[in-house]
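According to this note's numbering, the sequence shown is numbered sequentially starting from 83. Backbone N, C-alpha and C fix where the C-beta goes; we use that ideal spot for every residue, glycine too. Scroll down for the structure; my scribbles are underneath it.
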Amino acid sequence: MADLDDAKTILTTTYRRSGEPVSTPTWMTPLAANTLGFWTSSASGKAKRLRRDSRVVVQPCNQRGVPRPGATAVQGTAQLFTSGPVFDRVQAAIKAKYGVQVPISKFFNWVGHLLRGGAPYGDIVVVVTIQS
Numbered sequence: 083m084a085d086l087d088d089a090k091t092i093l094t095t096t097y098r099r100s101g102e103p104v105s106t107p108t109w110m111t112p113l114a115a116n117t118l119g120f121w122t123s124s125a126s127g128k129a130k131r132l133r134r135d136s137r138v139v140v141q142p143c144n145q146r147g148v149p150r151p152g153a154t155a156v157q158g159t160a161q162l163f164t165s166g167p168v169f170d171r172v173q174a175a176i177k178a179k180y181g182v183q184v185p186i187s188k189f190f191n192w193v194g195h196l197l198r199g200g201a202p203y204g205d206i207v208v209v210v211t212i213q214s
């Protein structure tokens, strides 16, 4: 978990109905022992896959999703939150960790969705419990 605690970005792998893995780079924040949190859009493929299958594999990576050399991928179980204290805690921790990058990312997300009708930004918090 030490590799994950200091990671700025993690490669988050979720699974399609077919079992095919889908990996995406994700901002995250460590929470407690063996847990980490991130946010995503309720309209994202990641959220849809996690609603159906809570299995997840995470490992440190760069912003393009290239795994950090020597980093180990670990399995976990995801829980989704749309409100409440856990939701608020992860939202605040992400904003504190990434600072000015958050509104910049939100702006580019908005621009990218102008033609597609828009999508919520960070309206779901995912808490991953790492299996030991």
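Residue burial annotation: residue 134 is exposed, with fewer than 16 other C-beta atoms found within 10 angstroms of its C-beta. Residue environment analysis places residue 89 among the buried positions, since at least 16 neighbouring C-beta atoms fall within 10 angstroms of its C-beta. Within the same chain, 124, 205, 206, 207 come within 8 Å of residue 164 by CB-CB distance, once the 5 residues on both sides are set aside. Looking at the backbone, the Cα of residue 181 and that of residue 112 are separated by about 16 Å. With at least 16 other beta carbons inside 10 angstroms of its own, residue 92 counts as buried.
Classified as buried, residue 119 has 16 or more neighbouring CB atoms from the shown chains inside 10 Å of its CB. Residue 97 has 103 as its beta-bridge partners, per DSSP.
In this structure, the alpha-carbon of residue 121 lies about 8 Å from that of residue 176. By the Cβ neighbour-count rule, residue 188 is exposed, with fewer than 16 other Cβ atoms within 10 Å of its own.
Excluding residues up to 5 positions away in sequence, 139, 141 lie with their Cβ nearer than 6 Å to the Cβ of residue 155 in the same chain. Per the DSSP secondary-structure output, residue 118 pairs in a beta bridge with 112, 210.
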